[in-house]
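S.K.: Numbering (the numbering used here), first residue to last: 274 to 589. Cβ coordinates follow ideal geometry from the N, Cα and C atoms, glycine included. Only a predicted model underlies this, so the values are computations on that prediction, with no experimental measurement involved.
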Amino acid sequence: MSTKGKGKILLSITGFNPQRWYELLSAEREVVLEPDGAADPSIDYAVVWKQKPGTLAKLPNLKAIFSIGAGVDHVFADPGLPDVPIVRVVADNLSQHMSEYVLWRVLDHHRQGQLYRAQQTKKAWHEPPQRPAEDISVGIMGMGNLGRAAADVLKAVGFRINGWSRRPQEVAGVTTFSGEAGLVPFLNATDILVVLLPLTETTKGIINYGLLKELRRRNGLGGAVLINAGRGRLQRDADILRALDDGTLKEASLDVFEVEPLPKTSPMWNHPKVFVTPHAAATSDPAHLVAPMLSQMAAFERGEPLENVVDRNAGY
Numbered sequence: 274m275s276t277k278g279k280g281k282i283l284l285s286i287t288g289f290n291p292q293r294w295y296e297l298l299s300a301e302r303e304v305v306l307e308p309d310g311a312a313d314p315s316i317d318y319a320v321v322w323k324q325k326p327g328t329l330a331k332l333p334n335l336k337a338i339f340s341i342g343a344g345v346d347h348v349f350a351d352p353g354l355p356d357v358p359i360v361r362v363v364a365d366n367l368s369q370h371m372s373e374y375v376l377w378r379v380l381d382h383h384r385q386g387q388l389y390r391a392q393q394t395k396k397a398w399h400e401p402p403q404r405p406a407e408d409i410s411v412g413i414m415g416m417g418n419l420g421r422a423a424a425d426v427l428k429a430v431g432f433r434i435n436g437w438s439r440r441p442q443e444v445a446g447v448t449t450f451s452g453e454a455g456l457v458p459f460l461n462a463t464d465i466l467v468v469l470l471p472l473t474e475t476t477k478g479i480i481n482y483g484l485l486k487e488l489r490r491r492n493g494l495g496g497a498v499l500i501n502a503g504r505g506r507l508q509r510d511a512d513i514l515r516a517l518d519d520g521t522l523k524e525a526s527l528d529v530f531e532v533e534p535l536p537k538t539s540p541m542w543n544h545p546k547v548f549v550t551p552h553a554a555a556t557s558d559p560a561h562l563v564a565p566m567l568s569q570m571a572a573f574e575r576g577e578p579l580e581n582v583v584d585r586n587a588g589y
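1. Give me the residue from H399, K546 and T521 with the minimum Cα distance to D381.
2. Return the residue from the list G478, R489, G412 and L494 that minimises the CA-CA distance to R504.
3. In three-state terms, what does DSSP make of F573?
4. Out of S526, G412, T473 and E474, which one is the CA nearest neighbour of V447?
5. From the DSSP output, in three-state form, read off Y318 for me.
6. Quick one: Cα of R585 to Cα of H561, how far?
7. Do you know how far the Cα of S526 is from the Cα of E474?
8. Take S315 as the anchor and find which of K523, N334, Q324 and L329 has the nearest alpha-carbon.
9. With the cut-off set at 7 angstroms, would you say F339 and V357 are in Cβ contact?
10. What alpha helix (DSSP H) runs, 4 residues minimum, are completely inside the stretch 448 to 520?
11. If you run the structure through DSSP and keep just helix, strand and coil, what is V345?
12. Shortest alpha-carbon distance to M416 belongs to which of V379, L466, P401 and W377?
13. Taking C-beta to C-beta, are N543 and R509 nearer than 7 angstroms?
14. Which residue wins for smallest C-alpha separation from A497, given the options L579, D528, A462 and L469?
15. In the DSSP assignment, find the beta strand (DSSP E) that holds R433 and state where it starts and stops.
16. Around the C-beta of L592, are 16 or more other C-beta atoms found within 10 angstroms, so that it is buried, or is it exposed?
17. Distance, Cα to Cα, V583 vs A516?
18. Tell me, to the nearest whole angstrom, how far the beta carbon of Q393 is from that of E524; I am working on the premise that it is less than 8 angstroms.
19. Using the Cα positions of V426 and Y374, report the straight-line distance between them to the nearest angstrom.
20. Work out the CA separation of E407 and L514 for me, nearest whole Å.
21. From D519 to E531, what distance separates their C-alpha atoms?
22. If distances are taken between C-alpha atoms only, which option among L535, G455 and P471 comes closest to G420?
23. Can you find the residues in the same chain that come closer than 8 angstroms, C-beta to C-beta, to F573, ignoring five residues on each side of it along the sequence?
24. Under three-state DSSP, which class holds S368?
25. Could you name the residues of the same chain whose beta carbon sits closer than 7 angstroms to that of M566, not counting the 5 residues immediately before and after it, in chain order?
26. Once DSSP output is grouped into helix, strand and coil, what is the label at A219?
27. Based on the DSSP secondary-structure assignment, which residues constitute the bridge partners of M566?
28. Cα-Cα, which of R433, P458, H552 and I500 is closest to W377?
29. What residue range does the alpha helix (DSSP H) around A424 cover?
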């Protein structure tokens, strides 16, 4: 396809190989991995993941920035970020991956997976009591696209769902709570806490010991459970370990950590009550995400508004 007359895309990705993103974006537009000088006038769009600080600051014709991940905190980490729209990823594929991860971990905790794995190492044949899903309340912190998709699959299995968000929301089949006033009531009614919040200045470190103490421990699971598939800096790793060791938490499934990759010296690796995955709950797949990006660019050039634009004041 001809790229004549179309502005270039700057693909600025660190941490993994950009080749597949480059190939797919190049099907419709010219793509560069570095600007031709700090003030390159030929670049209209930037597709980024943890871009080098200052890379975007002086591009005079930059129209929009597209994040290839659901989170955008990595974009805001750049102190030279220009004042142009930032578009976050919303895609069925990403929601599907996250919903699968959440369902997998909720069911594993609900069906006593950790206990059975421990029994297997001892060759122990013992069946513990098993409560139905309808007896268990799963609380989702963060009721955006990913949170709502996860709620739908959990409801289908029969779990009772609570949802907490910064602003009031109404979600069919979900008991919703909001704001600071709604946080403790939400936690008090929750057996399994699923964290899918964006990382902002107000959510940094929110998963701490004080918050975990508010979860319901007298329940059909035999204790409270934490699942974090949001961002690592939402939690305080030391507080989670403390909560696990003193019984505040029964178990935890953690896909994200304060420092990533998780250091080999971290006690999380060998903790009997922790299930570790390497930030793999919902990996961005260029095969599913590039087409919506290109479609948005074309629509924007026709005078249509961009979709899924980040609220800079809220940080997501």
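M.R.: According to the structure shown:
1. In the sequence shown, the residue the question calls residue 381 occupies position 108. The option with the nearest alpha carbon to D381 is K546.
2. As a working mapping, residue 504 is identified with position 231 in the sequence shown. Closest by alpha carbon: G478.
3. Numbered from its first residue, the sequence shown carries residue 573 at position 300. In the structure shown, F573 sits in a helix (DSSP, three-state: H, G or I).
4. Here residue 447 is taken as the residue at index 174 of the sequence shown, counted from 1. That would be G412, whose Cα lies nearest to the Cα of V447.
5. The count along the sequence shown starts at 1 and reaches residue 318 at position 45. Strand at Y318.
6. By one-based count along the sequence shown, residue 585 stands at place 312. By one-based count along the sequence shown, residue 561 stands at place 288. Each residue's alpha carbon lies about 26 angstroms from the other.
7. Taking the first residue of the sequence shown as 1, we reach residue 474 at position 201. Taking the first residue of the sequence shown as 1, we reach residue 526 at position 253. Going from the Cα of E474 to the Cα of S526 covers about 24 angstroms.
8. Taking the sequence shown and counting its residues from 1, one reaches residue 315 at position 42. Nearest option by C-alpha distance: N334.
9. Here residue 339 refers to the residue found at position 66 when the sequence shown is read from its first residue. Here residue 357 refers to the residue found at position 84 when the sequence shown is read from its first residue. No, the Cβ-Cβ distance between F339 and V357 is not below 7 angstroms.
10. 452 to 461, 482 to 485 and 510 to 518
11. Indexing the sequence shown from 1 puts residue 345 at position 72. Residue state, collapsed to three classes: coil.
12. Within the sequence shown, the letter at position 143 stands for residue 416. When each option's Cα is compared against that of M416, the closest is L466.
13. Reading the sequence shown from its first residue, position 270 is the one you call residue 543. Reading the sequence shown from its first residue, position 236 is the one you call residue 509. For N543 and R509, no; Cβs fall outside 7 angstroms.
14. What you label residue 497 is simply residue 224 of the sequence shown in a count that begins at 1. Residue A462 is the option with its Cα nearest to A497.
15. The sequence position of residue 433 within the sequence shown is 160, counting from 1. Start and end: R433 to S438.
16. The structure shown has nothing for residue 592, since the chain only spans 274 to 589.
17. Position 310 of the sequence shown, counting from 1, holds the residue named residue 583. Position 243 of the sequence shown, counting from 1, holds the residue named residue 516. Approximately 34 angstroms, taken between the alpha carbons.
18. By one-based count along the sequence shown, residue 393 stands at place 120. By one-based count along the sequence shown, residue 524 stands at place 251. Contact flag wrong, Cβ pair sits at about 16 angstroms.
19. Numbered from its first residue, the sequence shown carries residue 426 at position 153. Numbered from its first residue, the sequence shown carries residue 374 at position 101. The alpha-carbon atoms of V426 and Y374 are separated by roughly 11 angstroms.
20. Counted from its first residue, the sequence shown places residue 514 at position 241. Counted from its first residue, the sequence shown places residue 407 at position 134. Using only the alpha carbons, I get a separation of about 29 angstroms.
21. Sequence index remark: in the sequence shown, residue 519 carries index 246 (1-based). Sequence index remark: in the sequence shown, residue 531 carries index 258 (1-based). When rounded, the distance between both Cα atoms is 21 angstroms.
22. Position 147 of the sequence shown, counting from 1, holds the residue named residue 420. Nearest C-alpha to G420: P471.
23. On the sequence shown, residue 573 is found 300 positions in, with the first residue counted as 1. Closer than 8 angstroms at Cβ, skipping near neighbours: K336, A337 and L579.
24. Taking the first residue of the sequence shown as 1, we reach residue 368 at position 95. If DSSP states are grouped into helix, strand and coil, S368 belongs with the helices.
25. Here residue 566 corresponds to residue number 293 of the sequence shown, with the count starting at 1. Answer for M566: V320 and F339, listed in chain order.
26. Absent from the model: residue 219. The displayed extent of the chain is 274 to 589, so no value can be given.
27. Within the sequence shown, numbered from 1, the residue matching residue 566 stands at position 293. Looking at the DSSP assignment, M566 forms no beta bridge with any residue, so it has no partner.
28. Residue numbering aside, residue 377 sits at position 104 when the sequence shown is read from its first letter. Closest option to W377, Cα to Cα, is I500.
29. Sequence index remark: in the sequence shown, residue 424 carries index 151 (1-based). Taken as a continuous stretch (DSSP letters only), the alpha helix (DSSP H) holding A424 covers N418 to V430.
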